[in-house]
Amino acid sequence: MDAINLSSNVDWNFIEEVAKESGQNPSLCYQCGNCTAGCPYTQYFDYPVSQVMRLLQAGQKDTILNSKSIWLCATCETCTTRCPCEIDVAHIMDTLRIIARRENRVSEKDIKLFYDTFLDSMKQFGRIYEVGILLAYNLKSGHFLADSDLGPKVMSHGKIHFFPKKIKGRDKVAKIFERFQDKAKKHD
Ligand code: SF4
Ligand code: SF4
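All the letters of the sequence shown, read from the start, carry residue numbers 50 to 237 under the working numbering.
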């Protein structure tokens, strides 16, 4: 990986934006590396989570928002629990994804598509409908047969059902989504 010049393309407002939206203080990070040492996905990240924190302190907005790391993060919160400065690092990663999405700078489009498909299912059925999610995701992503071999196996064990289950209060769940979408529009 090429070295990054931290003194170029600096966006100081970005630090403030992330701090405000996440409620965290990135300047507290002293690069101990505990978060990265516990991160189960670090081998797939282009920048380990402690480096994301350092890039944030240096106002490297473009590098962060173009990174794969913020999308590959599984929000497991190991980084948060390990941080000696009590920074909610996972929340910062979440905030970075939200900003990347808002600015239409999504480096991992399939992951965003999966999130969107998952949330559509929640909104429509009040809980996730696994078969519907898989079919919709595979169709929209063009990965038509991805994981199709697993379907019969999990179905035969009764783990997932072919048709969605009706739950009480679906309308209430849909209203939660509407409230959030109204709020997001106001933010735009
Ligand atoms: S929340 Fe994300 S960055 Fe933090 S340890 Fe888990 S996968 Fe890694
Ligand atoms: S654990 Fe906390 S202080 Fe240590 S590198 Fe990660 S964010 Fe920084």
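Don't be surprised by glycine CBs; every beta carbon is placed ideally from N, CA and C.
Residue nearest to Thr112 within the set Val155, Glu135 and Asn74 is Val155 (criterion: CA-CA distance). Taking the Cα positions, Glu152 is about 10 Å away from Arg146. For Arg219, the closest alpha carbon among the candidates Asp231, Asp196, Ile177 and Lys69 is that of Ile177.
Inter-segment contact for the stretch 91-103 and the stretch 113-128 is present: three or more beta-carbon pairs are separated by less than 8 Å. Around Val59, the same chain offers Ala107, Gly108 and Gln109 as residues with beta carbons nearer than 8 Å, after the five sequence neighbours per side are excluded. By the C-beta density criterion, Tyr186 is buried, having at least 16 other C-beta atoms within 10 angstroms. Exposed is the label assigned to Pro89, since fewer than 16 other Cβ atoms lie within 10 Å of its Cβ. Short note on Arg150: C-beta not closer than 7 Å to any heavy atom of ligand 2.
Contact fails between the stretch 180-197 and the stretch 128-145, because fewer than three Cβ pairs, one in each stretch, are under 8 Å apart.
Contact annotation: Val222 and Met171 have beta-carbon atoms nearer than 8 Å. The three-state reading of DSSP puts His192 in coil, since its state is none of H, G, I, E or B.
Boundaries of the alpha helix (DSSP H) around Ser71: Trp61 to Ser71.
Assignment of Ile136 by DSSP, reduced to helix, strand and coil, places it in the coil class. Checking the 7 Å criterion, the Cβ of Thr124 is within range of a heavy atom belonging to ligand 1. For Tyr79, there is no enclosing alpha helix (DSSP H), since its DSSP letter is neither H nor E. In this structure, ligand 1 has no non-hydrogen atom nearer than 7 Å to the beta-carbon of Gly191.
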